[in-house]
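Here the first sequence stands for residues 47 to 599, numbered as in my numbering.
Positions of the beta carbon are idealized from the N, C-alpha and C atoms, including for glycine.
All values derive from a computational prediction rather than experimental measurement.
Working notes, structure below.
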Amino acid sequence: MLEFFLPVIQRALSSAGVTTEKPIRLEQPADKKFGDYSTNIALLAAKECKRNPRELAREIIPHLMFPPDTVEKIEVAGAGFINFYLTPLFIMRSVELVLQEGDNYGTGSIGKGQKAIVEYVSANPTGPLTIGRGRGGVLGDCIANLFETEGYEVTREYYFNDAGRQMQILGESVRLRYLECCGRETEFPDTHYQGEYIREIAEEMFREHGAALGESTEIQIFKKKAEEIIFKSIRTTLDRLSIRHDSFFNEHTLYTPDNEGIAANQRVIDELRKKEFITEYDGAFWFLTTKLGQEKDKVLIKSSGEPSYRLPDIAYHITKFERGYDIIVNVFGADHIDEYPDVIEALKILGYDTDRIKIAINQFVTTTVDGQTLKMSTRKGNADLLDDLIDDVGADATRLFFIMRGKDSHLNFDIELAKKQSKENPVFYLQYAHARICSLLRMAQQETGFNPSELAAEYQLLRLLRSPSEVQLGFALLDYPDMIKTSLRLLEPQKMVEYLHSLAELFHRFYQECPILKAEPDICKARLYLALATRQVLRNGFRILGVSALETM
RNA sequence: GCCCUUGUAGCUCAGUGGAUAGAGCAGUAGUUUCCGAAACUAAAGGCCGGCAGUUCAAGUCUGCCCAAGGGCACCA
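As structure tokens, this is what we get:
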């Protein structure tokens with residue numbers, strides 16, 4: 047609806063000679079008596095022109111030129127709001143629009159010709175995915191979907207490091223477990239990976255090689271094998287949730303010299319040094335963040351000569367700019383929250399446009415069973431695994447639960463609720479609405495020979511739909527494209543979940559109040575149209591969220 | 001001690017400086033000769049953590065305080 051209203055309001059303002067710096071905003075008043083849509087632009091502009099807001103609003107209204115049969119009434123209300131009331135016919139034409147555009151309904155062109163990169167998951171292959179990573183993974187996947195829907199060319203990237211110290215420890219952990227398989231006594235340090243999966247990898251190696259690797263202290267072979275197996279398991283888990291990546295970026299490439307013999311990491315050091323933001327002391331190279339008002343400088347190259355994680359992080363982000371992305375989105379968990387400010391500062395110093403970088407941080411997940419919060423521990427490796435959660439509640443519930451709260455909220459994952467087959471469970475409620483429509487259409491086809499594809503000439507029947515529950519449902523359909531834009535702007539798929547829930551609710555009410563197959567033929571057809579359009583929007587929304595549209599339940 | 005996030009109905013949560021603060025769930029009272037009741041309707045439920053401030057207008061912005069979670073390495 048933004049696309050419908052904004053140009054009209056814009057033109058009215060200039061034709062009425064009203065100027066304002068403020069962006070025009072269109073909102074849906076909570077109370078329908080204040081109209082279907084409302085804008086406070088007169089209030090905002092009044093301040094700038096030092097005018098009475100209500101007077102100003104009254105002056106603007108005659109300049110609002112809407113196409114015929116669309117806006118029924120325009121009113122000034124309250125302190126100076128301009129409220130718009132749509133005609134029922136215009137609202138019901140949303141049904142026609144939805145059916146004509148089908149799977150494309152809701153797609154937009156904000157990102158046309160632009161490239162976006164969305165980075166998510168990015169877990170190093172040191173162990174199976176945890177539930178916390180899962181939330182970030184689903185969030186990232188949905189955000190990537192939203193960008194695609196708005197016409198961006200999207201790259202979904204996974205950044206990982208298979209060369210660092212943690213990976214050495216991983217290799218060492220496997221080696222020790224392997225020696226145990228060979229019947230040797232070992233001491234397994236606390237600092238090493240405790241999980242059962244380490245033992246499983248060791249056992250597999252023992253099956254393949256017998257005790258032959260026991261004499262070697264070289265851990266490379268253990269590390270390699272562990273990486274291979276763990277990465278495979280990570281990808282299998284992601285696959286179960288339909289989380290895809292089309293690019294895997296190995297941090298190691300940033301250490302490797304390019305054509306000119308200089309590694310990306312080194313370039314960052316060189317460039318920052320030119321800007322006088324690098325100093326060497328205590329045997330290490332420091333990024334002088336104290337010059338930016340921070341308490342401490344940050345180490346970029348340790349005294350051992352190895353880069354700290356910050357250096358490759360900066361170099362990595364530079365590659366995102368160099369690879370020509372217009373929008374750079376990073377999705378990560380709250381535990382990485384302190385990472386990005388330094389990266390951003392460094393990029394700013396180096397002259398990159400950091401406004402193009404958007405960060406989506408998701409808060410932690412706790413799981414509750416019977417109201418009891420399970421304390422998760424990676425060490426114990428118990429209730430923490432994403433795979434176990436998917437086994438328990440299924441992929442659809444896992445995905446939807448991860449994004450049905452704002453990403454900034456700590457998520458309370460109620461396992462029992464996720465399994466319930468009733469309206470309390472939002473996953474169920476959404477899918478039920480879809481299945482119910484499918485069932486209705488199947489029956490319509492049987493009993494009345496209803497064929498959706500043959501009705502193209504009968505859109506005028508929609509004007510028969512005038513009852514509140516019909517009009518409200520139609521109105522909701524109209525809202526879907528704006529909802530995508532809002533979700534995208536806020537990097538918040540939760541908005542979409544909320545919208546779809548209310549859409550499902552409106553459908554259930556309509557279904558309850560309006561007989562469909564028993565209505566007289568023309569009304570029956572019009573209502574089937576409405577149901578069909580609702581199903582289409584549910585499907586389109588489900589696709590963005592990665593939830594399956596079940597035909598029966 | 002410092003930084004980030006959160007605090008809104010019994011519970012889980014929406015709320016983009018605007019109108020009488022909204023949903024869902026639970027609880028209460030209703031609704032099946034009838035397309036999926038796996039659903040729907042209605043009433044009820046509030047000191048928006050607290051105190052000050054900015055504004056014509058504050059749940060929303062600012063400051064301080066309280067509480068919960070997370071982060072504060074030459075780990076990633």
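Residue i and residue j closer than 8 Å at C-beta
i, j, result
"residue 90", "residue 125", "no"
"residue 515", "residue 484", "no"
"residue 181", "residue 448", "yes"
"residue 142", "residue 549", "no"
"residue 574", "residue 459", "no"
"residue 350", "residue 328", "no"
"residue 137", "residue 87", "no"
"residue 202", "residue 109", "no"
"residue 408", "residue 72", "no"
"residue 177", "residue 415", "no"
"residue 599", "residue 492", "no"
"residue 457", "residue 444", "no"
"residue 115", "residue 145", "no"
Inter-residue Cα distance where the pair is residue i and residue j
i, j, result
"residue 53", "residue 393", "37 Å"
"residue 576", "residue 474", "22 Å"
"residue 218", "residue 187", "34 Å"
"residue 358", "residue 183", "22 Å"
"residue 192", "residue 461", "27 Å"
"residue 213", "residue 172", "7 Å"
"residue 471", "residue 540", "15 Å"
"residue 391", "residue 220", "39 Å"
"residue 557", "residue 80", "27 Å"
"residue 105", "residue 196", "36 Å"
"residue 174", "residue 284", "11 Å"
"residue 547", "residue 479", "9 Å"
"residue 593", "residue 243", "30 Å"
"residue 150", "residue 399", "33 Å"
"residue 424", "residue 166", "Bear in mind that a pLDDT of 44 at residue 424, under 50, signals an unreliable position, so the number given afterwards is only what the model happens to contain. Taking the straight line from one Cα to the other gives about 20 Å."
"residue 597", "residue 482", "8 Å"
"residue 440", "residue 413", "15 Å"
"residue 331", "residue 370", "29 Å"
"residue 608", "residue 319", "Outside the shown range of the chain, which is 47 to 599, sits residue 608, and nothing can be said about it."
"residue 59", "residue 102", "10 Å"
"residue 511", "residue 579", "14 Å"
"residue 533", "residue 583", "15 Å"
"residue 337", "residue 401", "21 Å"
"residue 383", "residue 364", "19 Å"
"residue 386", "residue 312", "20 Å"
"residue 429", "residue 231", "A caution first: residue 429 carries a pLDDT of 46, below 50, which makes its placement in the model unreliable, though a value can still be read off. Whole-angstrom Cα-Cα distance: 30 Å."
"residue 581", "residue 117", "26 Å"
"residue 129", "residue 112", "14 Å"
"residue 468", "residue 263", "57 Å"
"residue 247", "residue 256", "13 Å"
Three-way DSSP call (helix, strand, coil) for residue i in this model
i, result
"residue 575", "helix"
"residue 495", "coil"
"residue 479", "helix"
"residue 428", "Any answer about residue 428 is weak, because its pLDDT of 48 lies below 50 and its placement is not dependable; what the coordinates show is given next. Residue 428 falls in the coil class under three-state DSSP."
"residue 514", "helix"
"residue 195", "helix"
"residue 321", "coil"
"residue 423", "Low per-residue confidence applies at residue 423: pLDDT is 45, beneath 50, and the placement is therefore not dependable, though the value from the model is reported in the following sentence. The answer is coil: DSSP assigns residue 423 none of H, G, I, E or B."
"residue 151", "coil"
"residue 209", "coil"
"residue 203", "strand"
"residue 522", "helix"
"residue 189", "helix"
"residue 176", "strand"
message = Suppose only complete runs of 4+ residues qualify. What are the alpha helix (DSSP H) ranges in the stretch 71–143, listed by chain order?
response = As summarised for the stretch 71–143, the continuous alpha helix (DSSP H) elements at least 4 residues long and confined to that stretch are 87–95 and 99–106, given in chain order.
ask   = Which ranges does the beta strand (DSSP E) cover as unbroken runs of at least 3 residues, wholly within the stretch 436–474, from first to last along the chain?
value = 457–460
inquiry  = When you compare the stretch 565–575 with the stretch 519–529, are there three or more beta-carbon pairs, one atom per stretch, that lie closer than 8 Å?
reply    = no
task = Mind the definition here: the stretch 526–546 touches the stretch 161–176 only if three or more C-beta pairs lie below 8 Å; say whether that holds.
result = no
message = Taking 8 Å as the cut-off, does the stretch 264–280 touch the stretch 237–252 (at least 3 CB pairs, one atom from each stretch)?
response = With a cut-off of 8 Å on Cβ pairs, the stretch 237–252 is in contact with the stretch 264–280, counting three or more such pairs.
ask   = Should the stretch 375–385 be regarded as contacting the stretch 340–348, the criterion being three or more beta carbon pairs within less than 8 Å?
value = no
request  = May I ask you to verify whether the stretch 194–210 touches the stretch 296–314, counting CB pairs closer than 8 Å and requiring at least 3?
outcome  = yes
ask   = Along the chain, which unbroken stretches of the alpha helix (DSSP H) at least 4 residues long are found entirely within the stretch 218–292?
value = 242–255 and 266–286
request  = Could I get the ranges of all uninterrupted beta strand (DSSP E) runs contained in the stretch 327–396, with 3 residues as the minimum, in chain order?
outcome  = Within the stretch 327–396, the complete beta strand (DSSP E) segments at least 3 residues long are 330–333, 344–347 and 373–379, listed from N- to C-terminus.
request  = Output the residue ranges of the alpha helix (DSSP H) runs that lie fully inside the stretch 542–599 and measure 4 residues or longer, sorted by chain position.
outcome  = 567–591
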